[in-house]
Amino acid sequence: MPSFGDLVRDWQRGAQAVARGDWGCALQLFSSVPDPPARICFNVGCVHLLAGDPEAALQAFDKAVTKDACMAVGFFQRGVANFQLERFQEALFDFRLALEQLRGNAAIDYTQLGLRFRLQAWEVLFNVASAQCCLGLWAQATRSLEEAISKGPEGAREDLRTALDQVQKQAFLQPRQVPRGEVFQPHRRYLQHLAPVDFLGKAKVVVASAAPDDQHEGVRPQQPQRLHTEQVGEQVPPELPAARGPDSGPSQDHSGAGGVAVGDPEALLTITVQCAFTLTLKAPRGADLSSLRALLSQALPLQAQCGQLSGPGLAGGPL
């Protein structure tokens, strides 16, 4: 089953094929849409008309107006297909249906629906007159054109008067239709599904380091990490005493196995504590490295109090 994105993509590619005059490709793409909506059926009909196959166009327009009984432009184009097939009575019926769907309005603008075309009442009346001429209804054709002149814009009235003169001389008229190459395009909100979406946003570097000689600026870490300890015969880093508050007494063993007084030289054990901190610092704009180090030195004692110790010698017993 094709995805929604695949259907929209085929619709868009079909419209692009129509624009470049590739009728076969357009029909293949439009026909690949399962259970096509009325607008795609309409597109298929328009392409068949352009390809010189009014019979196939008629079938496509039948599907379009069956799916959307209010599609005035669908009845309008189906009337054109019937006219080309010399089914003038059916063409007249379709043009009148199109006029009914205008519901007294001067025009219907299909631009917002993806078709760059305004179906105007005077154009439909012109087509009504065209079918009436072919049926020998010259008087009715004259009245239809007179009504078209009364409803048409100033720019169209001259052509309509010329058509009226032809009808009065019992000359036939060719119906108007949707401009060549104009079909329904997929809506912009559908096309948004085809554009790649960046869910991650722009990448940025976040430096999370508690080392005082860190050369990176803009430290914006998020969460505290655990402290990892191991027994080695090296000097205790100078940052370790800062882990106690200024007024705190001997450190306590939070495991509950007993405490060790740090001030007793014979009870001291040399360890190396590897610290990994993430801190959030509020620094003034444009702060230099020395300012950041000062902020770190103030924040580290508080951070050390919140840290958790883990290591092979801390699983419920003394080091």
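Under numbering that gives the first Met the number 0, the first residue of the sequence shown carries the number 0, and numbering increases by one thereafter.
All C-beta atoms, glycine included, are put in the ideal place defined by N, C-alpha and C.
(request) Look at Ala68 and Val43 and say whether their C-beta atoms are less than 7 Å apart. (result) no
(request) Measure the C-alpha to C-alpha separation of Ala18 and Ser149 and round it to an integer number of angstroms. (result) 35 Å
(message) If you reduce the DSSP assignment to three classes, tell me which class Ala207 lands in.
(response) Unreliable placement is indicated for Ala207, whose pLDDT of 49 sits below 50; no coordinate value is reported for it.
(message) To test your reading of the DSSP string, which unbroken alpha helix (DSSP H) runs of 4 or more residues are found completely within the stretch 73-138?
(response) 87-100, 120-133
(message) I'd like the span of the alpha helix (DSSP H) that includes His47, first residue to last.
(response) 37-49
(message) Buried or exposed, going by whether 16 or more other CB atoms sit within 10 Å of the CB of Glu122?
(response) buried
(request) Ignore the nearest five residues each way along the sequence and tell me which others in Leu6's own chain have a CB closer than 6 Å to its CB. (result) Val32
(message) Below 8 Å on the Cβ atoms is my contact criterion, and I expect Phe94 with Gly73 to pass it. Report the Cβ-Cβ distance as a whole number of Å.
(response) Between Gly73 and Phe94 the Cβ distance is about 12 Å, and since that is not below 8 Å, they are no contact.
(message) So, with DSSP's three-state summary, where would you put Thr277?
(response) coil
(message) Under 8 Å: do the stretch 101-118 and the stretch 77-93 share three or more Cβ pairs, one atom per stretch?
(response) no
(request) State buried or exposed for Ser296, treating a residue as buried only when at least 16 other CB atoms are found within 10 Å of its CB. (result) exposed
(request) Might you give, ordered along the chain, the residues of its own chain that have their beta carbon closer than 6 Å to the beta carbon of Leu26, omitting 5 neighbours on each side? (result) Val46
(request) Whole angstroms is fine: what's the gap from Lys168's alpha carbon to Arg115's? (result) 35 Å
(message) Check this for me: beta carbons of Phe171 and Cys132, under 7 Å apart or not?
(response) yes
(request) Give me the Cα-Cα distance between Ser319 and Arg8, rounded to the nearest whole angstrom. (result) It is not possible to answer for residue 319, since the shown part of the chain is limited to 0 through 318.
(request) Quick one: grab the DSSP three-state call for Gln27. (result) helix
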